[in-house]
Each structure stands twice: as C-alpha cells, then as structure tokens.
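**Q** If you're matching positions, the sequence shown starts at 265 in the working numbering and goes up one per residue. Cβ coordinates follow ideal geometry from the N, Cα and C atoms, glycine included. Quick one: structure below, then a few questions.
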Amino acid sequence: MKLKVGILGATGMVGQRFIEQLNDHPWFKIEALCASERSAGKKYSEAANWYLESRIPDEIADMTVEKIDPAVSDRLDFVFSAIPSDIAKDIEGGFAKHIPVFSNTATYRMDEDIPLAIPEVNPDHLNLVNVQKENRGWEGFIVTNPNCTTIGFITPLKPIMDAFGIDWVNLATMQALSGAGYAGVPSMAIIDNVIPFIKNEEEKAELEGLKILGQLRDNKIKFADFDVFASCNRVMVRNGHTEAVFVRTQEDFRIEDVKEEFSSFKGEPQKLNLPTAPEQPVIVMGEEDRPQPALDRDLGDGMSISVGRIRKKKEKLLKFTCLSHNTIRGAAGASVLNAELARAMKLI
Ligand code: NAP
C-alpha cells in the first residue's frame with residue numbers, strides 16, 4: 265500500500281514540482297495539499313499559479329487546499345515541506361512531533377542532529393534521525409536537502425574529493441529565476457540584467473557542503489576541512505543553475521581520470537534502484553559549449569547534474585562548469601529521493 269503524504273507549501277514553485285514528482289509515484293500518494301490562508305479553502309487549480317509545462321493532474325486540480333496545521337498529520341504518513349524558511353521553525357517542528365518531515369527550507373539544515381542529505385553523497389547521515397528523535401522527544405523527525413546551489417556543485421565534488429582530495433573550492437554561480445520563488449525577482453529588475461547578489465546564498469554555498477561531505481562518527485558530523493569561496497548571481501533563466509567551479513586538489517590528476525570519476529560516480533539510490541534515482545547522477549558533456557540550461561537541465565528527468573568544460577589549468581588546479589535543475593534536483597526531486605532512501609532504510 266502507498267504511503268500517504270502531504271505537501272506544505274503546495275502552491276509554490278517547489279510545491280508544484282512536488283506534485284509533478286509524486287504524480288503516479290509507486291510508493292507515495294498525495295493526500296493533503298497545504299498552503300497559506302490566502303489559498304486555504306480554494307480548489308488547487310484556483311489557488312496555484314501553475315508555471316510548469318506539464319498540466320496539473322486532474323485529481324490534484326480538484327483537491328481543496330488546506331491551511332497548514334499539524335492536525336493534518338493524523339491522516340498522513342509523512343510530509344514534504346516547501347514553505348518560506350522564516351515560518352518553518354514552528355511549523356516543521358510541530359509536524360515532526362508526530363510524523364517525519366522532508367524539508368527544503370534552510371531553517372534546520374545546520375542543526376547538529378538534523379541530516380542534511382544528498383542520497384548519492386552521504387546516505388549514512390540519515391541515521392542521525394534516531395539521535396534526533398531521542399534528543400527532541402519527537403515521534404517523527406526532520407531530514408533536509410541542501411540549497412539548490414549547494415547540491416549542484418557538491419555532488420560532482422564528492423568523487424573528486426574521494427579520488428584526489430580537495431584544498432579549496434572557488435565558485436561563481438548563474439542562478440535561475442525560479443530559485444527565488446514565484447513572486448521572486450520583479451521583471452523590471454532582471455530583464456536585460458544580471459544581479460550579483462542573492463541574500464544568504466553565498467553563506468549557504470560555503471557551509472552546507474562541508475557538512476554533507478563530512479564524516480558521521482559517534483553520532484556527530486565532523487565537517488570536511490577545506491574552504492569554499494562563492495559568488496552568487498541571479499540571471500534571466502527560468503530554470504537551471506549554472507556554476508563555474510575551480511578546485512585546488514591535494515593530489516595531481518589527469519583530465520581523463522577526472523572525467524572517468526564523474527561518469528562512473530554512483531551511489532545508494534542507483535544501487536537500490538530507487539524509483540526517481542537517475543541512472544547517472546553526473547553526466548559529462550563533451551561539447552565545448554555545454555552544459556546549457558535551455559538544453560541540458562532536464563537530463564535524467566531533471567535529476568542528473570551535467571558537467572562540462574573540464575580543464576586542467578596547471579598542476580592540481582581543476583576547472584569545470586556544472587548545471588543542475590534547481591527546482592527538481594535542487595529542491596523537490598532531492599526531497600523525494602531522500603524519502604525514497606529513508607523508505608529503503610526502513611526509517612519510514
Ligand atoms: P514560493 O514559490 O514563494 O512558495 C511558497 C509556498 O509557501 C507557497 O505554497 C505559499 O502558499 C506558502 N506560504 C507562504 N507564506 C506562508 C505562510 N505564512 N503560511 C503558510 N504557507 C505559506 O517559494 P519556493 O521557491 O517554492 O520555495 C519554498 C521553500 O523551498 C523556501 O524555503 C525556499 O528557500 C526553498 N527552496 C527553493 C528552491 C527553488 O529553487 N525555488 C530550491 C531549494 C529550496 P500561498 O501560495 O498560499 O502563498
């Protein structure tokens with residue numbers, strides 16, 4: 265029997281992707297759609313400004329949006345959350361008292377006992393939920409996925425770190441508009457423009473990956489020990505974050521070996537054949553002018569990260585460009601894959 269799930273923030277950019285990802289999911293069924301007072305009581309098709317190319321599934325269009333209330337958890341096995349981070353503390357904590365929460369928001373990501381997980385990179389960190397339940401006296405738990413910028417470059421960095429070690433990482437991003445939510449950036453501010461500032465983004469990009477690439481020992485995460493320097497920019501692209509990455513490795517490398525490390529990289533989701541796991545988490549693009557958001561963001565149904573322009577500048581200095589779909593691999597798809605992994609690990 266399918267597990268019954270709710271979506272908190274179901275009408276937003278990420279909420280809509282959740283609906284798309286969960287439509288006909290073999291293990292999970294949408295049972296509740298929750299959003300703000302503005303939407304509560306309306307039919308979903310009236311409440312949401314649907315921005316996706318796919319149509320709203322018929323059975324979803326007619327569902328009534330509910331207000332966010334932990335009482336909903338009586339009907340559910342777990343929830344996905346895509347609400348603004350400034351309201352998430354009480355709401356996600358309130359749900360986690362009763363049922364598991366798979367969250368996209370930044371609020372709990374850096375807490376010591378909360379897993380910040382990319383299933384291909386640090387699946388063992390999900391075991392922290394047992395510590396968390398004990399610490400907090402919750403029946404449920406919270407599992408978070410990283411910021412959309414972090415997941416795009418940290419996933420390809422995992423095989424590089426394992427093979428060659430990392431001294432430091434320098435990152436310049438070109439981030440899509442959907443990353444700012446539906447009401448995000450006014451058109452007059454972004455048309456014909458690039459905005460070289462995204463609030464709190466650089467801090468997240470510089471810190472979150474060190475937790476993800478850290479080691480879980482004695483129920484604590486020892487963070488990876490290198491510096492990340494990030495510069496984040498908003499560009500006039502609908503979906504797909506492009507990132508120029510410069511890495512100083514500890515060991516020298518050959519470009520052919522770097523390409524092989526990227527292409528052969530696989531993790532637990534691929535071994536376990538999880539329903540939404542991409543066959544290849546990292547895809548190497550051979551053409552000199554790829555990846556590009558308009559052409560490559562949907563690879564692996566939006567769950568693969570494409571990597572190109574792989575160059576060696578000099579000894580131990582690697583350059584590459586990566587692209588990930590920010591509302592799928594960077595948000596809803598990441599949460600759904602975390603929930604699938606948790607199911608496979610019998611945590612839900
Ligand atoms: P969004 O498009 O602005 O959607 C926000 C959602 O939260 C809507 O469903 C909205 O409902 C609901 N909401 C807003 N205020 C509320 C309130 N006071 N009470 C209850 N519900 C409320 O934002 P988004 O881009 O989907 O982002 C959602 C979360 O995911 C954020 O924390 C964001 O940082 C994170 N995230 C986003 C991305 C991305 O690429 N967009 C990637 C990773 C993580 P109404 O429609 O009723 O207002």
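Taking Cβ positions, are residue 304 and residue 330 nearer each other than 8 Å?
**A** Taking 8 Å as the Cβ cut-off, residue 304 and residue 330 qualify as a contacting pair.
**Q** Is DSSP giving residue 532 helix, strand or coil here?
**A** Three-state DSSP puts residue 532 in a helix.
**Q** Please confirm if the segment 394–412 is in contact with the segment 569–578, defined as three or more CB-CB distances below 8 Å between the two stretches.
**A** Result no; under three Cβ-Cβ pairs closer than 8 Å.
**Q** Using 8 Å as the threshold, is the C-beta distance between residue 649 and residue 346 below it?
**A** In the structure as shown, the chain starts at 265 and stops at 612, and residue 649 therefore has no counterpart that could be examined.
**Q** Would you mind working out which of 576, 481, 502, 523 sits nearest residue 591, comparing C-alpha positions?
**A** Comparing Cα positions, the closest option is 502.
**Q** Could you check what DSSP says for residue 572 in three-state terms: helix, strand or coil?
**A** Looking at residue 572 - three-state DSSP - the assignment turns out to be strand.
**Q** With which residues is residue 438 paired in a DSSP beta bridge?
**A** Partner(s): 497, 506.
**Q** Using the Cα positions of residue 422 and residue 328, report the straight-line distance between them to the nearest angstrom.
**A** Each residue's Cα considered, the two are about 42 Å apart.
**Q** Is it buried or exposed, residue 518, if we count other Cβ atoms within 10 angstroms and call 16 or more buried?
**A** Exposed: under 16 other Cβ atoms inside 10 Å.
**Q** In this structure, does DSSP put residue 512 in helix, strand or coil?
**A** The answer is strand: DSSP assigns residue 512 an E or B state.
**Q** Count the other CB atoms within 10 Å of the CB of residue 385; is the residue buried (16 or more) or exposed (fewer)?
**A** Buried is the call here.
**Q** Can you check DSSP and say which residues form a bridge with residue 292?
**A** Its beta-bridge partners are 267.
**Q** DSSP state of residue 381, grouped into three classes?
**A** Residue 381 falls in the coil class under three-state DSSP.
**Q** Does residue 632 come out as helix, strand or coil in the three-state DSSP assignment?
**A** Outside the shown range of the chain, which is 265 to 612, sits residue 632, and nothing can be said about it.
**Q** Can you list, in chain order, the residues of its chain whose CB lies under 7 Å from that of residue 531, leaving out five sequence neighbours each side?
**A** Answer for residue 531: 383, 384, 385, 387, 545, listed in chain order.
**Q** Taking just the CA atoms, how far does residue 280 sit from residue 595?
**A** Computed Cα separation, rounded: 11 Å.
**Q** Going along the chain, which unbroken runs of the beta strand (DSSP E) with 3 or more residues stay wholly within the segment 381–461?
**A** With a minimum length of 3 residues, the continuous beta strand (DSSP E) runs that stay inside the segment 381–461 are 406–408, 430–439.
**Q** Is DSSP giving residue 490 helix, strand or coil here?
**A** Residue 490 falls in the coil class under three-state DSSP.
**Q** Mark residue 487 as exposed unless 16 or more other C-beta atoms lie within 10 angstroms of its C-beta, in which case mark it buried.
**A** So residue 487 counts as exposed.
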